[in-house]
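What follows is a short report on a single structure.
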């Protein structure tokens, strides 16, 4: 039996995007993080990792 499950990331918005540049607000919105303490699950892909890296100072990431 093969393991077809992808690794998932749980991303939680911990700081407000209010005083940050538009590109960082857009990255949070693309990840569906529109309110404080909102969490979303995303597959662990290079594109998602890039968006996380852009707003790493605003979010908390858990693997699993």
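In my numbering, the protein residues as written are 1048 to 1111.
Built from N, CA and C at the ideal position, the CB exists for glycine as well.
Note that the coordinates shown come from a computational prediction; the quantities given were computed from them, not determined experimentally.
So, using beta-carbon positions, are residue 1061 and residue 1108 closer together than 8 angstroms? Position 14 of the chain shown, counted from the start, is the residue given in the question as residue 1061. Position 61 of the chain shown, counted from the start, is the residue given in the question as residue 1108. No.
Have a look at 1103, 1104, 1102 and 1096 and flag the residue whose alpha-carbon is nearest the alpha-carbon of residue 1055. Counting from one through the chain shown, the residue named residue 1055 turns up at place 8. Taking only the C-alpha atoms, the option nearest residue 1055 is 1096.
Own chain partners of residue 1064 with C-beta closer than 7 angstroms, once the 5 adjacent residues on each side are dropped: In the chain shown, counting from the first residue as 1, residue 1064 sits at position 17. Cβ within range, chain order: 1071, 1072, 1075 and 1105.
Per DSSP, what kind of secondary structure is residue 1086 in: helix, strand or coil? Start at 1 with the first residue of the chain shown, and residue 1086 comes out as number 39. In the three-state DSSP reduction, residue 1086 falls in the strand class (E or B).
Tell me the start and end of each unbroken beta strand (DSSP E) in the region 1052 to 1077 that is at least 3 residues and wholly inside, in chain order. With a minimum length of 3 residues, the continuous beta strand (DSSP E) runs that stay inside the region 1052 to 1077 are 1055 to 1060.
According to DSSP, residue 1109 sits in a beta bridge with which residue or residues? Numbered from its first residue, the chain shown carries residue 1109 at position 62. Looking at the DSSP assignment, residue 1109 forms a beta bridge with 1057.
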